[in-house]
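**Student:** Position 367 of the sequence shown, counted from 1, bears residue number 367 in the numbering used here, the numbering being contiguous throughout.
Just so it is clear, CB atoms sit at the ideal spot from N, CA and C, and this is done for glycine as well.
Quantities reported herein were computed from a predicted structural model and do not represent experimental measurements.
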Amino acid sequence: MMTKSITISGKPLSQFYKLPLEKGSRVLRLAVLEQVAGDPIVIGWHSTFSVGKKPEPLVITSLSFDQGLLTVHVKLEGEEAVRVYIAVEYDCLLVSCSVDTDESYLGRYAYLTLRAMMRSGYCDFQEYYWPECFALGNKRSGYVDVVKKPGGFTIALKKKFSGLLRPGDDLPDVTERTVVPRERLSDKNLIARLAPVSIGYCFANTDLQHFHSNHYPFLVPYVFAATAYLKTVKSFKRFVFNPHDVDGVSLSPQQEELNSICFAMKEIAPVRFNANGHLPEKVAETNTLNNANQLALLKLWNKALPLLMQQRFTHYCYTYGMRNVTGKPIMRDMKLVEFSIEVPVLSFVLRDEGDYYELELKIKVKGKLLHLSTDQLSLFLVCDRVKPYLWYLLEAEMDYKLVWFFSKVNFRVQVPKGYYREFFEKYVEGMERWYEVRRG
Numbered sequence: 001m002m003t004k005s006i007t008i009s010g011k012p013l014s015q016f017y018k019l020p021l022e023k024g025s026r027v028l029r030l031a032v033l034e035q036v037a038g039d040p041i042v043i044g045w046h047s048t049f050s051v052g053k054k055p056e057p058l059v060i061t062s063l064s065f066d067q068g069l070l071t072v073h074v075k076l077e078g079e080e081a082v083r084v085y086i087a088v089e090y091d092c093l094l095v096s097c098s099v100d101t102d103e104s105y106l107g108r109y110a111y112l113t114l115r116a117m118m119r120s121g122y123c124d125f126q127e128y129y130w131p132e133c134f135a136l137g138n139k140r141s142g143y144v145d146v147v148k149k150p151g152g153f154t155i156a157l158k159k160k161f162s163g164l165l166r167p168g169d170d171l172p173d174v175t176e177r178t179v180v181p182r183e184r185l186s187d188k189n190l191i192a193r194l195a196p197v198s199i200g201y202c203f204a205n206t207d208l209q210h211f212h213s214n215h216y217p218f219l220v221p222y223v224f225a226a227t228a229y230l231k232t233v234k235s236f237k238r239f240v241f242n243p244h245d246v247d248g249v250s251l252s253p254q255q256e257e258l259n260s261i262c263f264a265m266k267e268i269a270p271v272r273f274n275a276n277g278h279l280p281e282k283v284a285e286t287n288t289l290n291n292a293n294q295l296a297l298l299k300l301w302n303k304a305l306p307l308l309m310q311q312r313f314t315h316y317c318y319t320y321g322m323r324n325v326t327g328k329p330i331m332r333d334m335k336l337v338e339f340s341i342e343v344p345v346l347s348f349v350l351r352d353e354g355d356y357y358e359l360e361l362k363i364k365v366k367g368k369l370l371h372l373s374t375d376q377l378s379l380f381l382v383c384d385r386v387k388p389y390l391w392y393l394l395e396a397e398m399d400y401k402l403v404w405f406f407s408k409v410n411f412r413v414q415v416p417k418g419y420y421r422e423f424f425e426k427y428v429e430g431m432e433r434w435y436e437v438r439r440g
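1. Per DSSP, what kind of secondary structure is I261 in: helix, strand or coil?
2. If contacts are defined as beta-carbon pairs under 8 Å, then Y109 and V74 qualify, I think. What distance do you get, rounded to the angstrom?
3. Compare the Cα-Cα distances from L402 to each of M431, W391, R29, Y420 and report the closest residue.
4. Determine the burial state of M265: buried for a count of at least 16 other Cβ atoms within 10 Å of its Cβ, exposed for fewer.
5. Skipping 5 residues on each side, what residues in its chain have a beta carbon closer than 7 Å to that of A195?
6. Contact between the stretch 326 to 338 and the stretch 361 to 374: three or more CB pairs below 8 Å?
7. How many Å lie between E103 and E89 at the Cα?
8. For a test of the three-state rule: what should DSSP assign to R351, helix, strand or coil?
9. If I follow the unbroken alpha helix (DSSP H) through W301, where does it start and stop?
10. What first and last residue would you give for the alpha helix (DSSP H) that runs through R108?
11. Just tell me which of A296, C97, S407, V223 has its CA closest to the CA of S373.
12. When DSSP labels each residue in this structure, what does D173 get in the three-state scheme?
13. Which same chain residues, not among the five before or five after V415, have their C-beta less than 7 Å away from its C-beta?
14. Spatial neighbours of T154 within its chain, please: CB distance less than 6 Å, with the 5 preceding and 5 following residues excluded, ordered by chain position.
15. Quick one: what does DSSP say P150 is sitting in, helix, strand or coil?
16. Below 8 Å on the Cβ atoms is my contact criterion, and I expect G200 with Y222 to pass it. Report the Cβ-Cβ distance as a whole number of Å.
17. Decide if the stretch 342 to 352 is in contact with the stretch 390 to 397; the criterion is three or more beta carbon pairs, one per stretch, under 8 Å apart.
18. What separation, rounded to the nearest whole angstrom, lies between the Cα atoms of D375 and L63?
19. Please list the segments of the alpha helix (DSSP H) lying wholly inside the stretch 326 to 409, counting only runs of 4 or more residues, in order along the chain.
20. If distances are taken between C-alpha atoms only, which option among W391, G152, G107 comes closest to F65?
21. Closer than 8 Å by C-beta to P442: which residues in its own chain qualify, once you throw out the five before and the five after it? Chain order, please.
22. Opposite L165 in the DSSP bridges: which residues?
23. Is V249 helix, strand or coil by DSSP?
24. Among the residues of its own chain, which have a CB less than 6 Å from the CB of D384, if the five just before and after it don't count?
25. Given a cut-off of 8 Å on the beta-carbon distance, is the pair Y389 and V337 in contact?
26. E436 by DSSP, collapsed to three states: which one?
27. How many Å lie between K18 and L94 at the Cα?
28. How far does the beta strand (DSSP E) with F442 in it reach, from first residue to last?
29. Count the other CB atoms, across all protein chains shown, that sit within 10 Å of the CB of Y441; report buried if there are 16 or more and exposed otherwise.
30. According to DSSP, simplified to helix, strand and coil, what is Y427?
31. Express the C-alpha separation of N274 and K234 in angstroms, rounding to a whole number.
32. Roughly how many angstroms lie between the CA atoms of M309 and V179, to the nearest whole one?
33. Please state if the CB of A228 and the CB of I261 are separated by a distance shorter than 8 Å.
34. Go to V240, then tell me how far its alpha helix (DSSP H) extends in each direction, as first and last residue.
35. Kindly list the residues whose CB is nearer than 6 Å to the CB of P167, restricted to its own chain and excluding five residues on each side of it in sequence; keep chain order.
36. Decide if L106 is buried, meaning its Cβ has at least 16 other Cβ atoms within 10 Å, or exposed.
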């Protein structure tokens with residue numbers, strides 16, 4: 001997607017050498033580079049270096065990034081310093097240098113520089129991929145900050161554009177929305193009886209973006225001792241992980257059923273990670289299992305909800321990982337919460353902001369807008385930041401995946417107009433099949 005007329009060393013981007021990237025990514029494989037460079041016409045009939053053999057010792061002295069173009073300063077022993085220029089496009093890498101290399105010829109400086117940048121047989125150029133983020137002739141970007149540091153630089157999104165989307169970014173699937181059947185309350189007035197020692201239910205939650213024995217939101221029963229008038233919890237005795245943990249505690253049929261649901265939840269709540277994360281087939285296998293467990297948990301939550309609402313005591317606990325869901329609950333970590341049978345409804349607002357579009361997620365319950373917070377997140381449930389004790393359960397897999405995606409970017413995404421129509425307009429139209437998208 002070449003949209004600019006930048007001229008480098010007397011050559012426009014159209015005269016840079018083009019190398020194909022791996023489909024769906026900004027990854028250049030060594031095998032691709034070697035295959036291209038192995039062509040004597042491409043590399044030059046009278047080339048002084050041999051492709052595939054041990055490369056000449058090249059030193060990368062510094063990196064710079066200006067107007068979306070990566071400049072690599074390199075030096076070969078006994079030769080003058082050279083600049084290699086790299087532009088990252090949607091499906092290809094554009095390469096040139098200050099000495100040679102044009103659209104039909106890959107010079108040795110460009111080849112050796114790309115070889116030197118590769119680790120484990122490839123180089124991912126995603127961090128240098130910022131299409132439409134630099135206006136022609138402007139040194140600074142309106143979307144990102146380029147901060148220089150010794151030997152290089154860092155590129156970070158400006159706070160206002162934390163949700164900036166680029167062509168090729170992963171988006172939640174919006175092709176088919178299936179509602180999970182929700183059990184209804186059989187008797188709104190049926191509330192579990194209390195005894196001096198009773199059972200309650202804990203909503204166990206944690207941050208899925210941190211790697212510490214992560215788990216998806218699930219319910220875990222607990223045994224507690226009540227105060228003299230049976231109005232509050234005096235002390236927590238233990239978490240309940242199997243039927244033997246409630247020996248001696250009187251349970252209603254509804255609590256027996258709810259406990260069975262809780263035990264099933266805990267079995268599939270842990271997030272699976274793969275030690276061989278670099279192997280695509282293993283990553284796909286793990287993702288498939290996690291997605292299946294998420295959907296199974298959502299179905300269990302829907303089954304549990306009406307039973308949960310009949311319980312006298314329900315608490316919330318931010319666990320910091322499954323490893324902490326053991327023994328007995330800690331009093332200071334257990335917060336009283338309630339659950340609602342009402343269904344949250346998603347909608348979106350698409351705004352024209354001049355150079356870009358912004359899409360914002362909204363959630364309503366019975367027509368009333370929820371004020372969302374990135375600090376109060378759960379995969380399947382949402383709450384209002386001014387009422388963090390009242391949680392609502394989402395009704396579809398598509399719903400929770402969209403909410404989770406938007407929650408990581410402050411519930412709004414931005415798309416520059418330069419590629420909105422080509423890469424994102426059909427996606428927004430797909431959303432409109434299931435949700436209201438209001439033009440603001």
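**Tutor:** On the basis of the supplied data:
1. helix
2. 6 Å
3. Closest by alpha carbon: M431.
4. Burial call: buried.
5. S250
6. no
7. 15 Å
8. strand
9. 280 to 308
10. 108 to 117
11. Answer by Cα proximity: S407.
12. Three-state DSSP puts D173 in coil, outside helix and strand.
13. L165, Y356, Y357, F424
14. V147
15. coil
16. Contact between G200 and Y222 holds, with the beta-carbon distance rounding to 5 Å and staying under 8 Å.
17. yes
18. Distance between the alpha carbons of D375 and L63 is about 37 Å.
19. 397 to 407
20. G152
21. Nothing in the structure corresponds to residue 442, since the chain is present only between 1 and 440.
22. Note: L165 sits in no beta bridge, so no partner.
23. coil
24. Excluding residues within five positions, the ones whose Cβ falls inside 6 Å are L370, H371.
25. yes
26. Of the three classes helix, strand and coil, the one that applies to E436 here is strand, per DSSP.
27. Each residue's CA atom was taken as its position, placing K18 and L94 some 5 Å apart.
28. For the chain, the structure presents residues 1 to 440; residue 442 sits outside this window and is missing.
29. Residue 441 lies beyond the range of the chain shown here (1 to 440); nothing can be said about it.
30. helix
31. 42 Å
32. 21 Å
33. no
34. Segment: none, V240 is in no alpha helix (DSSP H) and carries neither H nor E.
35. Y90, Y419, F423
36. buried
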